[in-house]
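The next block holds one structure in the form of structure tokens; read it before the comments.
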Amino acid sequence: MAPSSETLWEVQYTSVKSSIDAPLDASASTASGTKSIIYPTLGLGIELHPSRHLRLEAKASGFGFPHKANIWDAEGSAVLRVGKLEVFIGGKGFHFKTSPQADQYLSGTLWGPYAGLRWVFR
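Residue 17 is where the sequence shown starts when you use this note's numbering, and the numbers rise one by one after that.
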């Protein structure tokens, strides 16, 4: 069976707070700051049904400019359907980078597995 695809049109908001609470001078105050990224993201999703009760999904989207902030996220999962119950397992990843030309530069990548049960009412 041929995979089906979809385009993803999203707006993603990420806010990151940083703090420095271990100054060299004990009488000095701590420093903190917050950076936000609001970007439209474009992406692609693919879904494949190798059998009647098994579905494989993959989605990825992102946006960025060179030497500016960027953001992306991706996920992939396998879903097994038994009656009205769906059992799923997969993984997700998320990355952000604030502008390296700003006063604070923050970057991070989060990823991990997930699993769960879902009841379908249709």
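Even glycine gets a Cβ: it sits at the ideal position worked out from N, Cα and C.
Consider the Cβ of G92: report whether some Cβ of chain C lies at a distance smaller than 8 Å. Although the question refers to chain C, the structure presented lacks it and comprises just one protein chain.
Tell me the rounded alpha-carbon separation between Y130 and T46. Cα-Cα distance, rounded: 36 Å.
Under 8 Å by Cβ, that's how I've got G59 and K75 pegged, so tell me the actual separation to the nearest angstrom. About 6 Å; that satisfies the 8 Å criterion.
One or two residues paired with S35 in a DSSP bridge: Bridge partners of S35 according to DSSP: S48.
R71 to I87 span [Cα, whole Å]: Going by C-alpha positions, R71 is about 27 Å away from I87.
Please report the Cβ distance between G109 and A90, rounded to the nearest whole angstrom; I am assuming they are in contact, meaning their Cβ atoms lie under 8 Å. About 5 Å; that satisfies the 8 Å criterion.
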